[in-house]
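Numbering (this note's numbering), first residue to last: 2 to 455.
Have a look at this one:
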């Protein structure tokens, strides 16, 4: 460029290819004056040996997309938890739909997703105003790989062939109230006292009891064991709990005396299906209520099947990945009632349960939980503290990619996961394009099995 102006390029060696074509971690620096070339798909062909089976996109090199190098996650490591981190509008929903479609295609584990906006099932409108498709448009995969449990009106459920979502009072536990309401210290003590009581009994007791005249000694109803436990609490505190339980039962039409979808949901998860809990129009309280019950039930079932001890061996055991959208609501420090999610994060892998943590604010996630995540999908993060939190928690070194993470375009991501030897810059498939390819491939397979003439 001139006598006193130079271009200085800094490079970090990722590794080398040995004589057998296998990738190795670097042990020495490249020789001086080694040739430097711009890479193409053939240079990364070796990655095909280490990629997994859940395809999500294609590798990027600079501004180019290497379509011949698909990026795929390993299904076997996902119960060790996955994090999806991005600011608004960077493509989290698109990524999750691509991820779900690939899970429907491969059926390596069960995936649970609560959808309060109705976007994953039938599509909707993107953040840019463009119409989008949903998982029901994956015509080849929806029959075998997808199960949807919905609160939509019956006519709409029949039209879309959706299952009905119902939860019964027996599925409820007192600690679910922590996610839905703020509690004073006395109110929290009541909830903790009642934690082991069956939900149906608890709701019946608070529905039938007049706390204006309540005393444990004068109580003549069928739930004397509950009345005795509440003898030391002020009736004003008990009235607050009563009012909140009435709000819970009155505002959620899918919550009823008897009849629960939970057995069918768990059966679908153990059949390695993508299970979408479709509750469009429901508020945040309803979403967290459903998610809490589902997570607790799945964890309890897996613990029971493994004798409560768990195992580090994958074997043929059932694997389930539970998605938590806006995860900072339940995984930040100091939030009461989130014990079931924390237990999944800390010990879930022993019981075949992983969390898919989706958030715009990784700095607000408890650092101890971030440290348990093994697979990172990092889309554009503008906040330096968010990027520092991710770099400090990832198993692979992301510090050198700080600027790249900050400047990622919509739909681009840095993938760091066990099994792939270094962080990979990735262009996530556009769901509609990926979906068209999946449907085309499936239709072609059907045609190949037909006779050319009849």
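Quick reminder that beta carbons are idealized off the backbone N, C-alpha and C, glycines included.
query                                                                                                                                                                      : result
Within its chain, find whatever has a CB closer than 6 Å to the CB of residue 102; leave out the 5 residues flanking it on each side and keep chain order.                 : 139
Apart from the five residues just before and just after residue 260, which ones in its own chain have a Cβ nearer than 8 Å to its Cβ?                                      : 167, 169
Rounded C-beta distance between residue 99 and residue 303? I'm assuming under 8 Å.                                                                                        : Actually they are not in contact, since the Cβ atoms of residue 99 and residue 303 sit about 27 Å apart, beyond 8 Å.
Does residue 58 come out as helix, strand or coil in the three-state DSSP assignment?                                                                                      : strand
Rounded to a whole number of angstroms, what is the C-alpha to C-alpha distance between residue 422 and residue 27?                                                        : 11 Å
Do residue 204 and residue 250 count as a contact pair if the criterion is CB distance below 8 Å?                                                                          : yes
Compute the distance between the beta-carbons of residue 89 and residue 361, then report whether it is under 8 Å.                                                          : yes
Out of 71, 348, 376, 433, which one is the CA nearest neighbour of residue 49?                                                                                             : 71
Between 33, 47, 14, which has its C-alpha nearest residue 1's C-alpha?                                                                                                     : Here the chain covers residues 2 to 455 and nothing more, so residue 1 does not appear.
Which term fits residue 466, buried or exposed, when burial requires 16 or more other beta carbons within 10 angstroms of its beta carbon?                                 : What the structure shows of the chain is the stretch from 2 to 455, and residue 466 is not part of that stretch, so it cannot be assessed.
Is the beta carbon of residue 388 less than 8 Å from the beta carbon of residue 406?                                                                                       : yes
Using 8 Å as the limit for Cβ to Cβ distance, is residue 68 near chain C?                                                                                                  : Absent from the structure is chain C; it holds one protein chain and no more.
Look up residue 279 in the DSSP assignment and say whether it is helix, strand or coil.                                                                                    : strand
What are the uninterrupted segments assigned as beta strand (DSSP E) that are 3 or more residues long and contained completely in the stretch 16-89, given in chain order? : 55-62, 65-74, 83-86
What whole-angstrom Cβ distance do residue 386 and residue 351 have, given they're in contact under 8 Å?                                                                   : Wrong, their Cβ atoms sit about 32 Å apart, outside the cutoff.
Run through the DSSP bridge pairs and tell me what residue 116 is partnered with.                                                                                          : 279
Could you tell me the alpha carbon to alpha carbon distance between residue 76 and residue 54, rounded to whole angstroms?                                                 : 7 Å
Any contact of the stretch 145-164 with the stretch 263-281, i.e. 3+ C-beta pairs under 8 Å?                                                                               : yes
Tell me whether residue 80 is buried or exposed, calling it buried when 16 or more other Cβ atoms sit within 10 Å of its Cβ.                                               : buried
Leaving out five residues before and five after residue 1 in sequence, what residues of the same chain have Cβ atoms less than 7 Å from its Cβ?                            : Outside the shown range of the chain, which is 2 to 455, sits residue 1, and nothing can be said about it.
Ordered along the chain, which non-local residues of its own chain (more than five positions away) have a Cβ less than 8 Å from that of residue 16?                        : 24, 25, 26, 27, 422, 423
Taking the C-alpha atoms as reference points, what is the distance between residue 435 and residue 292?                                                                    : 29 Å
How many angstroms separate the CA atom of residue 202 from the CA atom of residue 383?                                                                                    : 49 Å
Distance check for residue 285 and residue 295, CA to CA, integer angstroms please.                                                                                        : 15 Å
Which residue comes first and which comes last in the alpha helix (DSSP H) that contains residue 157?                                                                      : 155-161
Quick one: using the 10 Å Cβ neighbour count with 16 as the cut-off for buried, is residue 34 buried or exposed?                                                           : exposed
Consult DSSP for residue 393 and reduce its assignment to one of helix, strand or coil.                                                                                    : helix
Quick check on residue 188: buried or exposed, where buried means 16 or more other Cβ atoms within 10 Å of its Cβ?                                                         : buried
Tell me the residue span of the beta strand (DSSP E) that contains residue 485.                                                                                            : This structure gives no information on residue 485, because the portion of the chain shown stretches from 2 to 455.
Please state whether DSSP places residue 426 in a helix, a strand or coil.                                                                                                 : strand
Using only CA atoms, which one of 341, 353, 359, 307 lies nearest to residue 328?                                                                                          : 359
Would you mind reading off the limits of the beta strand (DSSP E) that contains residue 10?                                                                                : Unbroken run through residue 10: none, as it is neither H nor E.
Residue 378: buried (16+ other C-beta within 10 angstroms of its C-beta) or exposed?                                                                                       : buried
Would you mind reading off the limits of the beta strand (DSSP E) that contains residue 181?                                                                               : No beta strand (DSSP E) contains residue 181, which is instead part of the alpha helix (DSSP H) from 177-181.
What are the start and end residues of the alpha helix (DSSP H) that includes residue 322?                                                                                 : Counting along the chain, residue 322 falls outside any alpha helix (DSSP H), though it belongs to the beta strand (DSSP E) covering 321-325.
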